[in-house]
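From first to last, the protein sequence lines stand for chains A and B. Using full-length UniProt numbering, the first residue of the first sequence is number 1, and each one after it goes up by one. Using full-length UniProt numbering, the first residue of the second sequence is number 1, and each one after it goes up by one. Worksheet: one structure, shown below.
2 protein chains.
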Amino acid sequence: MTDLGDEAALPALVGPVEVVGAGLIGTSIALVCARLGIEVVLRDTAEENVRTAHGLGAGRPVRPEDRPQLVVVAVPPAAIADAIVDALQRTDAVVTDVGSVKAAPLTAVAARVAGADLARYVGSHPMAGSERSGPLAASAALFDGRPWAVTPHLDARPDAVGLVETLVLECGAAPIRMEPAEHDRAVARISHLPHLAAVLVAGRLAAAPAEHLALSGQGVRDVTRVAASDPGLWQQILEANSEAVLDLLAEVRADLDDLMSAVSAAPTAPSGPSAPGLVEILTRGNAGTAAIPGKHGGPARPTRSVFVAVPDHPGELARLFGDAGEIGVNIEDVHIDHDPGRPVGLTELVVDRGSAEQLLAALESRGWTTHR
Amino acid sequence: MTDLGDEAALPALVGPVEVVGAGLIGTSIALVCARLGIEVVLRDTAEENVRTAHGLGAGRPVRPEDRPQLVVVAVPPAAIADAIVDALQRTDAVVTDVGSVKAAPLTAVAARVAGADLARYVGSHPMAGSERSGPLAASAALFDGRPWAVTPHLDARPDAVGLVETLVLECGAAPIRMEPAEHDRAVARISHLPHLAAVLVAGRLAAAPAEHLALSGQGVRDVTRVAASDPGLWQQILEANSEAVLDLLAEVRADLDDLMSAVSAAPTAPSGPSAPGLVEILTRGNAGTAAIPGKHGGPARPTRSVFVAVPDHPGELARLFGDAGEIGVNIEDVHIDHDPGRPVGLTELVVDRGSAEQLLAALESRGWTTHR
Numbered sequence: 001m002t003d004l005g006d007e008a009a010l011p012a013l014v015g016p017v018e019v020v021g022a023g024l025i026g027t028s029i030a031l032v033c034a035r036l037g038i039e040v041v042l043r044d045t046a047e048e049n050v051r052t053a054h055g056l057g058a059g060r061p062v063r064p065e066d067r068p069q070l071v072v073v074a075v076p077p078a079a080i081a082d083a084i085v086d087a088l089q090r091t092d093a094v095v096t097d098v099g100s101v102k103a104a105p106l107t108a109v110a111a112r113v114a115g116a117d118l119a120r121y122v123g124s125h126p127m128a129g130s131e132r133s134g135p136l137a138a139s140a141a142l143f144d145g146r147p148w149a150v151t152p153h154l155d156a157r158p159d160a161v162g163l164v165e166t167l168v169l170e171c172g173a174a175p176i177r178m179e180p181a182e183h184d185r186a187v188a189r190i191s192h193l194p195h196l197a198a199v200l201v202a203g204r205l206a207a208a209p210a211e212h213l214a215l216s217g218q219g220v221r222d223v224t225r226v227a228a229s230d231p232g233l234w235q236q237i238l239e240a241n242s243e244a245v246l247d248l249l250a251e252v253r254a255d256l257d258d259l260m261s262a263v264s265a266a267p268t269a270p271s272g273p274s275a276p277g278l279v280e281i282l283t284r285g286n287a288g289t290a291a292i293p294g295k296h297g298g299p300a301r302p303t304r305s306v307f308v309a310v311p312d313h314p315g316e317l318a319r320l321f322g323d324a325g326e327i328g329v330n331i332e333d334v335h336i337d338h339d340p341g342r343p344v345g346l347t348e349l350v351v352d353r354g355s356a357e358q359l360l361a362a363l364e365s366r367g368w369t370t371h372r
Numbered sequence: 001m002t003d004l005g006d007e008a009a010l011p012a013l014v015g016p017v018e019v020v021g022a023g024l025i026g027t028s029i030a031l032v033c034a035r036l037g038i039e040v041v042l043r044d045t046a047e048e049n050v051r052t053a054h055g056l057g058a059g060r061p062v063r064p065e066d067r068p069q070l071v072v073v074a075v076p077p078a079a080i081a082d083a084i085v086d087a088l089q090r091t092d093a094v095v096t097d098v099g100s101v102k103a104a105p106l107t108a109v110a111a112r113v114a115g116a117d118l119a120r121y122v123g124s125h126p127m128a129g130s131e132r133s134g135p136l137a138a139s140a141a142l143f144d145g146r147p148w149a150v151t152p153h154l155d156a157r158p159d160a161v162g163l164v165e166t167l168v169l170e171c172g173a174a175p176i177r178m179e180p181a182e183h184d185r186a187v188a189r190i191s192h193l194p195h196l197a198a199v200l201v202a203g204r205l206a207a208a209p210a211e212h213l214a215l216s217g218q219g220v221r222d223v224t225r226v227a228a229s230d231p232g233l234w235q236q237i238l239e240a241n242s243e244a245v246l247d248l249l250a251e252v253r254a255d256l257d258d259l260m261s262a263v264s265a266a267p268t269a270p271s272g273p274s275a276p277g278l279v280e281i282l283t284r285g286n287a288g289t290a291a292i293p294g295k296h297g298g299p300a301r302p303t304r305s306v307f308v309a310v311p312d313h314p315g316e317l318a319r320l321f322g323d324a325g326e327i328g329v330n331i332e333d334v335h336i337d338h339d340p341g342r343p344v345g346l347t348e349l350v351v352d353r354g355s356a357e358q359l360l361a362a363l364e365s366r367g368w369t370t371h372r
C-alpha cells in the first residue's frame, strides 16, 4: 500500500472520458465526471443502458471521431480483458478497468498487447457496489470515502498511474496502490472468503425446518446477508480469482478439520499435542475481528453498544436520533434488531466507550427504555 | 413449534421467584419480576453479583426459609445440570434454566432426579444476550420481542410448562415450544454454525497483512462480527452441543469440498455428473437468506435500500431521521458504512419496496445526496 506523496503532481483529468459499460459502476463514474464538467462518452453493447445513462446526465453516446484522454472499462468480469484490449487498440488513451480481480485480466491483455500500448493500461478496483445493478442504480456518491485499489503492472507509465489516481480522488475515494496479484490475494481474504462462508452457512438454512429458523437472531442475519448477491456475477468473480480463493479455502478446510477435532475432543483430552484447542481457535477469531481497520481507516476505537427499545412506527427512530443529536453524542453505528413476534424494535447504538454512560443517562431521562 | 392456544389458561406467576446466577440473563429476569411486584430472591456463588443485582432493585439475597414458586437457573453452561438438580432437591418449585443447549443438561439431570421431582423441571432458552455480561449489563427490556424456546421433556407437568411460558410472556418474549433435542439441532444451525463460520473467516484475518485489511468493506465486518464474543463461554456452549454441531460441520465440510471442486473446475467442465456447479451453490445461498423469517416473525417483506451520504458529526443522523420521520416512511433497518479515509458516512435505510421512491424523492428535495 502506497500513500500518495504529492497529490499536486498528479495529472489533471480534462477528458473526454470514455466509459465502456454503462452499468452501476460505469454510470456512477460517468456521473462524477459529468458533474466536474468533463465530457463523457458512453459505450455499451446494450443500447438501452447508454440511453438510460444519457438520460441521467451521465454523458452522450460515443462517436467514431472521439479521442478520449481516459477509457474506463466497467463490464462484467468475463468480458473485461477483451474490452481492455479493444480500448488500447482503438485509442491512444490511458485505459483502466474497475473489475474485482486484477491478475488474470492483465495476463490476458499482456498476451495480446505489448510495449507502449500495454504501458497505457492501469487496472483498478473500487471497493463499492450494491446488491442492485444497472445504470438506474448509479450515483455520483457511490464511491464517497471508499477504498479504491490502483494496481499498475511493472511497465505501466507513471503518468497513466497518476491519471487513474486522479480519477479515484475526483470520485471521492481513497486510492490504495497494490500489485495485481497482491490485490487478488487481498480480496480473496477480505471479500471472496467471507462471501463463500456466508453462502455455505446460508446453504444450510435453505432446507431447514421453519421451526428452526423461528429462533433466528441478529447473528445469523449478519453472517449470511452477503449471500443474497447475484450468483452469475459471483461465479465470474470467483472463476477469475480461483487460484487465490482455492488457496484460502484449503487453509479454511484445514482450520475446519482442527475445529471438528477440537469440538469432538473431551475438554480434558485435546486431540493431539499440536492441535489447537477450542478456546485457542475462538480466541484467534477475536484477534481477527480486532484486526479490521476502524472507521476512517484508523485503528479501531473502543466502542460500546447502547440498546434502546423503539416502537416500530414512523417517527420513533427520528425522535431517538433527535434526542441523541441534542445530547451531542456521535453515533458510530446503528443496528436495528428484527424482532419476531411484537412491534417493538431493539435499536443498538454504537458510540465511543467514553460517551456511553452520558448517552444512557440522558436517554433514560427522556423516557427511553435502555439497556447496555 | 406450538403456538399458545389459550394464554388465559396459563398459571399465574405470583412468586417468590428464585434466580440462581445473577449475571446478565438472571438479573434481567429478576428485574422483570421485581417490576411486576413479585418477590425475587437471588443466589450466586459470587456474593458481589447478588449485592449488585440487589442494588439495581432486582431482589434480595436468598434466605433458608424461602419457598419459591419458580426457580430460574441462569449459570454458565458447564454448571447448569448441577444447579438444576440442586434446585429440584432443595425446593418444591417449578425449575427452569436459560441455557443455550437443552438435551445434555436434561440427560444429566434425569440421571440423578426422577419421577415427581423431574416433572417439575422445564428447560428454556431466551434468544437474547449481549457481548457484555454481568448484572450491571442487565435490563428488564432485554427480552422484548425476542423468541424464547420452551423445551419440556415428555414427563414434564403441564402446569410447570405453563408457568415457564407465563414467565416468558411476562418478560415480553415470544414462547416457542420445542423438544430439547430439536432445539439443540435448531441452535446448532441458526446460531452455533454461523458463529463458527465467522470464527474461521476472522481467524484468516488475524495474520493478514495490513494492506489486505485496508480494502475491508461492510461485508467482511458483518460476516465476522459475532466472532468477537467470549471464547470461554462459547467453548462451554459448543461442548454441550457437540453432537449437533459436529453433524452440521460435517455437512459443511462436504459442501466446502463441493465448493472447492466447483471453483477449480473450468466453467465448461463441471467436476462430475452429480457435483453442483458454482452457480447452483451460490443460488442455494440466496435461498437460505430468503428463508430467514422477516421482522415480526412473518414472511420477509420485499424491501429496498436507500443510500444517503451523511457527514460524520453529531446531529446529522438526527436530521436525516427527522426528515425521514416527517416524510412518514417507516425505516425497517439501518446500516452505517464505516468508510475508511474520509469523514462522510454512507447510511443505508432499508424500507418497504413501495416506499423507496417516495423517500428518495423527498430526501433529495431536502438536499440529501442519495443513491439507490
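Note that beta-carbon positions come from the ideal geometry of N, C-alpha and C, so glycine has one too. Quick caveat, the model's predicted, so the values are computed rather than measured.
{"Check": "DSSP state of Glu316 (chain A) mapped onto helix, strand, coil", "Outcome": "helix"}
{"Check": "Start-end ranges of the alpha helix (DSSP H) lying completely within the segment 155-229 of chain A, minimum 4 residues", "Outcome": "158-170, 180-187, 193-206, 210-213 and 218-224"}
{"Check": "Any chain A beta carbon closer than 9 Å to Leu36 (chain B)", "Outcome": "no"}
{"Check": "Residue of B:Gly21, B:Leu246, B:Gln235 and B:Gly328 minimising C-alpha distance to Pro62 (chain B)", "Outcome": "It should be noted that the sequence gives Val, not Pro, for residue 62 (chain B). The shortest Cα separation from Val62 (chain B) among B:Gly21, B:Leu246, B:Gln235 and B:Gly328 belongs to B:Gly21."}
{"Check": "Identified DSSP bridge partners for His335 (chain A)", "Outcome": "A:Glu348"}
{"Check": "Buried or exposed by the 16-neighbour rule on C-beta atoms within 10 Å, applied to Glu364 (chain A)", "Outcome": "exposed"}
{"Check": "Contact list for Asn49 (chain B) against chain A, beta-carbon separation under 9 Å", "Outcome": "Here the premise fails: no neighbours, minimum Cβ distance about 16 Å."}
{"Check": "Beta strand (DSSP E) segment containing Ala140 (chain A), residue limits", "Outcome": "Where Ala140 (chain A) is concerned, there is no enclosing beta strand (DSSP E), given that its DSSP letter is neither H nor E."}
{"Check": "Under the three-state DSSP convention, the category Leu36 (chain B) falls into", "Outcome": "coil"}
{"Check": "Neighbourhood of Ala362 (chain B) by C-beta, 7 Å cutoff - its chain only, sequence neighbours within 5 removed", "Outcome": "Ile327"}
{"Check": "Opening and closing residue of the beta strand (DSSP E) in which Ser149 (chain B) lies", "Outcome": "A small correction: the amino acid at residue 149 (chain B) is Ala; Ser does not occupy that position in the sequence shown. Where Ala149 (chain B) is concerned, the enclosing beta strand (DSSP E) stretches over Pro147 to Thr151."}
{"Check": "Neighbourhood of Arg185 (chain A) by C-beta, 7 Å cutoff - its chain only, sequence neighbours within 5 removed", "Outcome": "Ala244"}
{"Check": "Gly26 (chain A) burial status per 10 Å Cβ neighbour count (16 or more: buried)", "Outcome": "buried"}
{"Check": "Distance between Trp368 (chain A) and Ala174 (chain B) (C-alpha atoms, nearest Å)", "Outcome": "22 Å"}
{"Check": "Residues of its chain near Pro11 (chain A), where Cβ-Cβ distance is below 8 Å and the 5 sequence neighbours each way are ignored", "Outcome": "Asp159, Gly162, Leu163 and Thr166"}
{"Check": "Cβ of Pro194 (chain A) within 9 Å of any chain B Cβ", "Outcome": "yes"}
{"Check": "Beta-carbon neighbours of Asp255 (chain B), restricted to chain A and to distances below 7 Å", "Outcome": "Leu200 and Gly203"}
{"Check": "Distance, Glu251 (chain B) Cα to Ala269 (chain B) Cα", "Outcome": "Note that Ala269 (chain B) scores a pLDDT of 47, beneath 50, so its modelled location is shaky and nothing firm can be said."}
{"Check": "Segment contact, 8 Å Cβ cut-off, at least three pairs: the segment 71-87 of chain B with the segment 137-147 of chain B", "Outcome": "no"}
{"Check": "Residue-chain proximity (Gln235 (chain B), chain A), Cβ-Cβ < 9 Å", "Outcome": "yes"}
{"Check": "With 16 other Cβ atoms within 10 Å as the buried cut-off, status of Asp44 (chain B)", "Outcome": "buried"}
{"Check": "Euclidean distance between Cα positions of Leu246 (chain B) and Thr96 (chain B)", "Outcome": "27 Å"}
{"Check": "For Ser133 (chain B): DSSP bridge partner residues", "Outcome": "Answer is none; Ser133 (chain B) lacks a bridge partner."}
{"Check": "Collapsed DSSP secondary structure at Val71 (chain A) in the structure displayed", "Outcome": "strand"}
{"Check": "Residues that Arg185 (chain A) contacts on chain B, provided the C-beta gap is smaller than 8 Å", "Outcome": "His212"}
{"Check": "Beta-carbon neighbours of Ile29 (chain B), restricted to chain A and to distances below 9 Å", "Outcome": "Within chain A, no residue comes near Ile29 (chain B); the closest Cβ sits about 13 Å away, beyond 9 Å."}
{"Check": "Close beta carbons around Val40 (chain B), own chain, < 6 Å, minus the five adjacent residues each side", "Outcome": "Val17, Ala30, Cys33, Ala34 and Gly59"}
{"Check": "Proximity test, Cβ basis, 9 Å: Asp352 (chain A) and chain B", "Outcome": "no"}
{"Check": "Check whether Pro135 (chain B) and Ala53 (chain B) have beta carbons under 9 Å apart", "Outcome": "yes"}
{"Check": "Residues near His335 (chain B) by beta carbon distance below 6 Å, same chain, minus five either side", "Outcome": "Glu348"}
{"Check": "CA-to-CA distance, Pro105 (chain A) to Val14 (chain A), given in whole angstroms", "Outcome": "27 Å"}
{"Check": "Span of the alpha helix (DSSP H) around Glu65 (chain B)", "Outcome": "Taken as a continuous stretch (DSSP letters only), Glu65 (chain B) belongs to no alpha helix (DSSP H), as it is neither H nor E."}
{"Check": "Within-9 Å CB hit, Thr151 (chain A) to chain B", "Outcome": "no"}
{"Check": "Start and end residues, beta strand (DSSP E) containing Ala309 (chain A)", "Outcome": "Thr303 to Pro311"}
{"Check": "Nearest residue (CA-CA) to Ala37 (chain B), options B:Asp222, B:Glu170, B:Ser261 and B:Leu200", "Outcome": "According to the sequence provided, residue 37 (chain B) is Gly. The question's Ala does not apply to it. Selected option, being the one with the closest Cα: B:Glu170."}
{"Check": "First through last residue of the alpha helix (DSSP H) which encompasses Asp86 (chain A)", "Outcome": "Ile80 to Arg90"}
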